[in-house]
Amino acid sequence: SGTLCTSEEDPDYKDFELPVVEDRRFTDFPGIIVFLAVLIGMCVAMHMGLAYGKPTVFTNGVDSWGNICGQTNTAHSGVEYSGKDMTNFKRVLIADFLSNPDALTATGKTTTLCVRLCPLVTSSFQCQDYLANKSNYNDAIANAACQGVGGKDLAFDEKNNRCVPSHAVKGLSIQKQNALLNLYSQDWLHNLVHDCHVCAAELTWITLIAFAFTLVFLAVMQGASSALCYFSFATFFVVGGAATGYMWYLYTLINAVDSGLSVNSPSGRSLFAENAGYSVVFRDTAIVCTVIVVGFSIICVLVSRRGMDACAVLFEYATEAIMEIKWVYLLPLYTIASLAFGFGLWLYTIKHITAVFKPQLLTSTVQGSGLATASYVPDTTYSTWVLVFEFVAIIWIMNFVLACQHLMTSLVVGTWYFSVDKTEMYRPMRVATSRLIRKHLGSAVIGSFFSGYFGLLRSPLSYVNSGCSPFFWFLNHVLVYISDMNYHMVSLKGCWFFTAGKLIRDRLEVSPGITAISSFALFLGKMTVTLSVLPFGFLLLKDKVGVFMYGYPLAVGALLSFLVAHVFISMFNAAVGAVFVCYVEDTAINAG
Numbered sequence: 011s012g013t014l015c016t017s018e019e020d021p022d023y024k025d026f027e028l029p030v031v032e033d034r035r036f037t038d039f040p041g042i043i044v045f046l047a048v049l050i051g052m053c054v055a056m057h058m059g060l061a062y063g064k065p066t067v068f069t070n071g072v073d074s075w076g077n078i079c080g081q082t083n084t085a086h087s088g089v090e091y092s093g094k095d096m097t098n099f100k101r102v103l104i105a106d107f108l109s110n111p112d113a114l115t116a117t118g119k120t121t122t123l124c125v126r127l128c129p130l131v132t133s134s135f136q137c138q139d140y141l142a143n144k145s146n147y148n149d150a151i152a153n154a155a156c157q158g159v160g161g162k163d164l165a166f167d168e169k170n171n172r173c174v175p176s177h178a179v180k181g182l183s184i185q186k187q188n189a190l191l192n193l194y195s196q197d198w199l200h201n202l203v204h205d206c207h208v209c210a211a212e213l214t215w216i217t218l219i220a221f222a223f224t225l226v227f228l229a230v231m232q233g234a235s236s237a238l239c240y241f242s243f244a245t246f247f248v249v250g251g252a253a254t255g256y257m258w259y260l261y262t263l264i265n266a267v268d269s270g271l272s273v274n275s276p277s278g279r280s281l282f283a284e285n286a287g288y289s290v291v292f293r294d295t296a297i298v299c300t301v302i303v304v305g306f307s308i309i310c311v312l313v314s315r316r317g318m319d320a321c322a323v324l325f326e327y328a329t330e331a332i333m334e335i336k337w338v339y340l341l342p343l344y345t346i347a348s349l350a351f352g353f354g355l356w357l358y359t360i361k362h363i364t365a366v367f368k369p370q371l372l373t374s375t376v377q378g379s380g381l382a383t384a385s386y387v388p389d390t391t392y393s394t395w396v397l398v399f400e401f402v403a404i405i406w407i408m409n410f411v412l413a414c415q416h417l418m419t420s421l422v423v424g425t426w427y428f429s430v431d432k433t434e435m436y437r438p439m440r441v442a443t444s445r446l447i448r449k450h451l452g453s454a455v456i457g458s459f460f461s462g463y464f465g466l467l468r469s470p471l472s473y474v475n476s477g478c479s480p481f482f483w484f485l486n487h488v489l490v491y492i493s494d495m496n497y498h499m500v501s502l503k504g505c506w507f508f509t510a511g512k513l514i515r516d517r518l519e520v521s522p523g524i525t526a527i528s529s530f531a532l533f534l535g536k537m538t539v540t541l542s543v544l545p546f547g548f549l550l551l552k553d554k555v556g557v558f559m560y561g562y563p564l565a566v567g568a569l570l571s572f573l574v575a576h577v578f579i580s581m582f583n584a585a586v587g588a589v590f591v592c593y594v595e596d597t598a599i600n601a602g
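So for the sequence shown, this note's numbering puts the first residue at 11; every next one is plus one.
Here you go:
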């Protein structure tokens, strides 16, 4: 019969005194089939996005005849002036501003041109000569665009390859400029990607700071393993309170600067004066952080001391196991690298999928000039459903990567627990990797799906189960079998994911709340890292120019910080759960 690390997988491997596995086969294989189908679907969506998506419509801008600035274009039927080579003409100019400097509109009635350089309109400005030298249009378009030009001096600033009149946007937030001048897109997803691209350096620094803080927290936490909950609770309260207080201080400084700026100030910061999307975002972030710190601090007071002492004992054993098998520290690095690669590829796909347009340009006639114009129309029928699929798929994939780390940790800790001589363990990481890929990849797939999408329903439904019998039935017969604890039983018994859930339910009648307390304590560690990084996000982003909505990069920075902390700290959470399940299984085998 097989064991957790059997000689059947490695002829030279020692056979340890482990629980006997009656049927160690590939578990949950239907999940692999569905998962592969999802991956194929994502590849098809990527191919369609790359084949038909035109993100340069947003990044480069287009003229009134469907020519994308800065590149060679294909002619469209029914659009006379389409198909122009705009390789050398990378700026977008709203021609209406030449004749009417006060025109603040970018609707379909305006005429946009691709030009080489933004103009400087003075009393000696010759519009036809400018368009002849700085654009690629014929005399008919030049004459129509230059009607009524003159009378006022006008200077343009360049923003996102758009020529924006300097005087018209003073005191306007960049969100307002985007709405009026179509600097990029009105779609929140496009603006999110744009802001993350603009703040890429700042987000990288935020991630590195979160990584450093996580390592510091883990190092101190391992030293204080005998008082895990007390350390975690105290650290969260002190660090979270200090970080929140500093965020309020930074907000008052930012708000004072914004309020003191004159609308007519020549400073570039005047673009953000009275900007509800700037200082208010930082204020709202500080409010949310304050509520989190106060709320979780109250919960900490209510946790029983007996349960805290018990989970501290488990954590001591888990820490000892991880420190004995030092290679396990590489698991979070592999996990983060995999998540970064997958998420980057997904963002690249989303960028193209959201830029799929209908093949036929929408044509219309500009009043006054009589010129037929064309515009791109998003193909929402295609992109909406694909986006829904992509969001569901990426969450599943991210949970799958984390589930693999969870199973690997459980396999390694299980090997350590049931090894007689813990100093002579034979390549536990190698055997755990082999076991995961050859036997339990399907369980990781199934578990990541159900734990990721349905596991979160357990807590809210537990509050209403007494009064709502359908919810009670669903909780008692379905959700009770869905838990991260299942991975530990899969690694020990070689069973399927839901079979492991049944075994867990039968075994954990002893004290099921112990692992919940340790999970909560480690969750507070993740929140501590996130809260401690947010003030750095304030400092890095407060002077960043060209951001549509500061809430986007700030939220992404917080998410990245939490994800980095989650990947590392979850390894310890998995180790605690594995030790507990091993103890319960050992007790059951040896009759107490």
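Heads up, the beta-carbon is just placed ideally off N, CA and C, and yes, glycines get one too.
Measuring straight from C-alpha to C-alpha, what distance separates residue i and residue j?
i: I405; j: A154; result: 51 Å
i: F367; j: D389; result: 5 Å
i: E595; j: T329; result: 20 Å
i: S472; j: I264; result: Caution applies to S472, whose pLDDT of 48 falls short of 50 and renders its modelled position unreliable; the value that the coordinates give is listed next. Near 43 Å, if we compare the C-alpha coordinates of I264 and S472.
i: V539; j: K552; result: 21 Å
i: L549; j: N192; result: 29 Å
i: V304; j: V298; result: 10 Å
i: P369; j: F530; result: 52 Å
i: N409; j: C173; result: 44 Å
i: Q157; j: F135; result: 13 Å
i: R448; j: M418; result: 13 Å
i: G567; j: M56; result: 26 Å
i: S374; j: S87; result: 13 Å
i: K94; j: S145; result: 11 Å
i: Y358; j: L312; result: 45 Å
i: N188; j: V125; result: 20 Å
i: A585; j: Y593; result: 12 Å
i: P40; j: H450; result: 12 Å
i: P65; j: H416; result: 38 Å
In three-state DSSP terms, what is residue i?
i: G71; result: coil
i: V226; result: helix
i: I405; result: helix
i: V557; result: coil
i: L193; result: coil
i: F135; result: coil
i: S275; result: Residue placement at S275 is poorly supported in this model, since its pLDDT is 37, which falls under 50; the coordinates still yield a value, given next. Residue state, collapsed to three classes: coil.
i: E330; result: helix
i: F36; result: coil
i: A585; result: helix
i: F306; result: helix
i: N110; result: coil
i: G352; result: helix
Using DSSP's beta-bridge definition, name the partner residues of residue i.
i: A384; result: W75 and T373
i: L9; result: Residue 9 is absent from the model: the chain starts at 11 and stops at 602.
i: S145; result: V125
i: F166; result: P175
i: G63; result: V366
i: T82; result: D95
i: L130; result: A165
Flag this pair as yes or no: are the beta carbons of residue i and residue j separated by less than 8 Å?
i: L123; j: A105; result: yes
i: M257; j: T295; result: yes
i: G80; j: K100; result: yes
i: S3; j: T364; result: Residue 3 lies beyond the range of the chain shown here (11 to 602); nothing can be said about it.
i: F45; j: Y194; result: no
i: G547; j: I216; result: yes
i: C321; j: I579; result: no
i: V589; j: A244; result: no
i: M439; j: W356; result: no
i: C128; j: L103; result: yes
i: L564; j: V291; result: yes
i: A442; j: L421; result: yes
i: F325; j: L238; result: yes
i: L218; j: P545; result: no
i: L541; j: V248; result: no
i: K554; j: C209; result: yes
i: P591; j: D205; result: It is worth fixing the name first, because residue 591 is Val in this sequence and not Pro. Result no, Cβ atoms of V591 and D205 do not sit closer than 8 Å.
i: G452; j: T84; result: no
i: I50; j: V455; result: no
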